[in-house]
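Residue numbering for the sequence shown is 6 to 294, as defined by my numbering. C-beta: ideal position from N, C-alpha, C; glycine also. Model, not experiment: these values are computed from the prediction.
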Amino acid sequence: VPPLFRCAKWVSRSMVTAGKRAYYENTNGVPKEGDGRVTHVGVKAGEMANRIVSVGSLSRAKCFAALLEAAEPVISSPRGFTTFTGMYEGSRVSVVATGMGAPMMDFLVREARAVVEGPMVVCRLGTCGAVELAPGTVVANTPGSVWIARNPGPGPAYPVSAPVKPDPRLARDLADRLSARVAVVEALNASTDSFYSSQGRIDPNFDDRNHDFIDHLPPEVVSMDMESFQLLFLASIAAEPVYAASAAIVCADRISGTVITAEDLHDCEAKCGPAVLAAVAHYPLAEPP
């Protein structure tokens, strides 16, 4: 037995012998604590609705959660997730602040799926950079999202994946509801593995090889974030239905360099909240028994 595995087995046996409880269980599946609470998102069965709105920032989550009725206890995990659950227009909905990046979206979708019974519907309302769009515009990813990550080996430095599409019914309803409240453009998104290198930001401290990155984006790509692709991809491969769609508020036009003001961002969030919540609440989803 390799020394690493001998060490791991010894630690496991010593913890049992000493009467200590493991940090979590099922390390080769979806890890949970002893009470069934998933390790990262921090919820257990019954605490997460099967209708979910995902946002990056806690302030946006609080803005949306203020619209919920019959609010349940707020659940904050030590891994950066905060979950608000309540009723919106007759449906139980959870609003989750996830933080940033594809791994955080991966935790959310997989761990919610592990504790939620029946089909799920998940909408993301995030922020993004855009190519020649005014800050404050909302990009609805009706055509879906591609994935771009730095390739450390030979070949193109930033290969672009095939697009993954949202659920068409949910995406259509989300775009229509948003359009009634804010300026919306429906366009392809690119999710990336970095806010910096694979979104074309120039950092002289690193050899990112991205000086002409934006010039070589596929012409269909209008927005860039770090989460939407992972949401749509996981929904597309889920064993049990996960209906997903995404949209994002433009915070910066990467061509002109114009950046949204804090006041305009919060105003746009407040306008988008009812639209996103309604799209999730009214999606025709068979509720678990």
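Residue i versus residue j - alpha carbon distance
i: L282; j: Y93; result: 7 Å
i: A145; j: V227; result: 10 Å
i: M105; j: F200; result: 9 Å
i: H216; j: K25; result: 53 Å
i: L222; j: G205; result: 10 Å
i: V96; j: P168; result: In the sequence as displayed, the identity of residue 96 is Ser instead of Val. Each residue's Cα considered, the two are about 31 Å apart.
i: A284; j: A70; result: 15 Å
i: V143; j: A27; result: 45 Å
i: S19; j: A66; result: Reliability fails at S19, whose pLDDT of 32 lies under 50, so the model's placement of it is uncertain and the value that follows must be treated cautiously. In a straight line, the C-alpha of S19 is about 42 Å away from that of A66.
i: D172; j: E30; result: 33 Å
i: G34; j: M110; result: 17 Å
i: E191; j: G91; result: 29 Å
i: L237; j: N210; result: 33 Å
i: Y288; j: P108; result: 26 Å
i: F112; j: A257; result: 27 Å
i: G51; j: P157; result: 43 Å
i: P161; j: D198; result: 15 Å
i: A54; j: T263; result: 38 Å
i: S62; j: T32; result: 29 Å
Reduced DSSP secondary structure (H/G/I, E/B, other) of residue i
i: R212; result: Note that residue 212 is Asp in the sequence shown, not Arg. Of the three classes helix, strand and coil, the one that applies to D212 here is coil, per DSSP.
i: A107; result: helix
i: A139; result: coil
i: K170; result: coil
i: S17; result: Caution applies to S17, whose pLDDT of 35 falls short of 50 and renders its modelled position unreliable; the value that the coordinates give is listed next. Of the three classes helix, strand and coil, the one that applies to S17 here is helix, per DSSP.
i: G95; result: coil
i: D217; result: coil
i: S203; result: helix
i: E225; result: coil
i: A283; result: helix
i: K25; result: coil
i: D40; result: coil
i: F86; result: coil
i: A267; result: helix
i: E77; result: coil
i: G330; result: The first residue shown for the chain is 6 and the last is 294, placing residue 330 beyond what the model contains.
Nearest neighbour of residue i, chosen from the options [CA to CA]
i: N194; options: D212, K170 and N210; result: K170
i: A275; options: K49, I207, S64 and V190; result: S64
i: V188; options: H221, N210, N215 and A280; result: For the record, residue 188 in the displayed sequence is Ala; it is not Val. Here the closest residue by C-alpha is A280.
i: R186; options: Y288, T90 and D272; result: D272
i: D181; options: A54, G61, T147 and K37; result: T147
i: V43; options: T90, V120 and P108; result: V120
i: Q235; options: I153, E77, V143 and E52; result: I153
i: S166; options: V151, G158 and E191; result: V151
i: V247; options: R118, P157 and K49; result: R118
i: V79; options: L237, P157 and V101; result: V101
i: D220; options: V190, A135, C277 and C256; result: A135
i: P164; options: L175, G91, F218 and S81; result: F218
i: R174; options: E225, V127 and F211; result: V127
i: V58; options: D258, T87, G158 and H45; result: T87
Proximity below 8 Å, CB of residue i to CB of residue j
i: R155; j: E232; result: no
i: I265; j: G141; result: yes
i: P124; j: L239; result: no
i: C133; j: A253; result: yes
i: R115; j: A286; result: no
i: L73; j: V98; result: yes
i: S202; j: D213; result: yes
i: G131; j: D208; result: no
i: V49; j: G41; result: For clarity, residue 49 is Lys in the given sequence; the question names Val instead. Yes, they are a contact pair.
i: S82; j: V60; result: no
Residue-chain proximity (residue i, chain C), Cβ-Cβ < 8 Å
i: E30; result: Judged by its chain identifiers, the structure shown contains no chain C, having just a single protein chain.
Cβ-heavy atom distance, residue i to the ligand GTP, below 7 Å
i: A154; result: Judged by which ligands are present, the structure shown has none, so any question about the ligand GTP falls away.
Segments of 3+ residues assigned as beta strand (DSSP E) that fall wholly inside the region 146 to 197: 150 to 153, 189 to 191 and 193 to 197
Beta strand (DSSP E) runs wholly inside the region 227 to 264, at least 3 long, in chain order: 247 to 258
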